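Report on one structure; see the data block that follows.
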Amino acid sequence: MEPGPYWAAPPVPDAAGRFTENLGQWDEDVRFVAEGPTARAGLCPDGVVHQVTGPDGGHRVKVAFTADGPVEPYGVDDLGYPTSYFMGNDPDRWVTKAR
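Residue numbers (my numbering): 11 to 109.
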């Protein structure tokens with residue numbers, strides 16, 4: 011069987027193009043997340059989680075890395091501003107100054 015031509019999918023139009031570190035505002039296996047109004051991508055040691063939502067629901071797909079072991083995603087450049095997540099009524103669970 012011959013492989014077909016290689017192609018890259020077009021970028022998700024509403025993806026932010028930047029990743030924010032996880033300081034407890036998401037699942038602990040996610041290290042960084044890029045968010046848009048209807049799409050989200052999370053970087054994990056064992057792969058990338060893509061989530062798309064719409065009026066009829068959503069889909070979540072995880073693409074696993076096939077390397078010899080897990081990798082540790084890390085940031086390269088600072089966003090230039092902090093991001094805060096005030097979720098719920100418990101200030102101890104709020105996340106501030108995520109980069």
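We treat Cβ as the ideally placed atom computed from N, Cα and C, and that holds for glycine. Nothing here was measured: the structure is a model prediction, and the numbers come from that model.
Same chain, Cβ closer than 6 Å to residue i, five either side skipped, listed in chain order
{"i": "residue 57", "result": "72, 73, 74, 75"}
{"i": "residue 29", "result": "42, 44"}
{"i": "residue 32", "result": "40, 41"}
{"i": "residue 70", "result": "61"}
{"i": "residue 17", "result": "Residue placement at residue 17 is flagged as unreliable, the pLDDT there being 49, under the threshold of 50; the coordinate-derived value follows with that caveat. Nothing meets the Cβ criterion."}
{"i": "residue 80", "result": "55, 56"}
{"i": "residue 93", "result": "30, 108"}
Distance cut-off 8 Å: residue i Cβ against heavy atoms of the ligand FMN
{"i": "residue 95", "result": "Although the ligand FMN was asked about, the structure shown includes no ligands whatsoever."}
Opening and closing residue of the beta strand (DSSP E) in which residue i lies
{"i": "residue 93", "result": "93-95"}
{"i": "residue 50", "result": "49-54"}
{"i": "residue 42", "result": "42-45"}
{"i": "residue 63", "result": "57-64"}
{"i": "residue 70", "result": "67-74"}
{"i": "residue 108", "result": "105-108"}
Assumed close pair residue i, residue j - CB separation to whole angstroms, cut-off 8 Å
{"i": "residue 111", "j": "residue 59", "result": "The requested residue 111 is not part of the displayed model; the chain covers only 11 to 109."}
Cβ neighbours of residue i in the same chain (closer than 8 Å, five flanking residues each side left out)
{"i": "residue 85", "result": "29, 31, 42, 109"}
{"i": "residue 38", "result": "32"}
9 Å Cβ cutoff met for residue i and residue j
{"i": "residue 105", "j": "residue 95", "result": "yes"}
Nonlocal neighbours in the same chain, by C-beta distance under 7 Å from residue i, ignoring five residues either side
{"i": "residue 64", "result": "48"}
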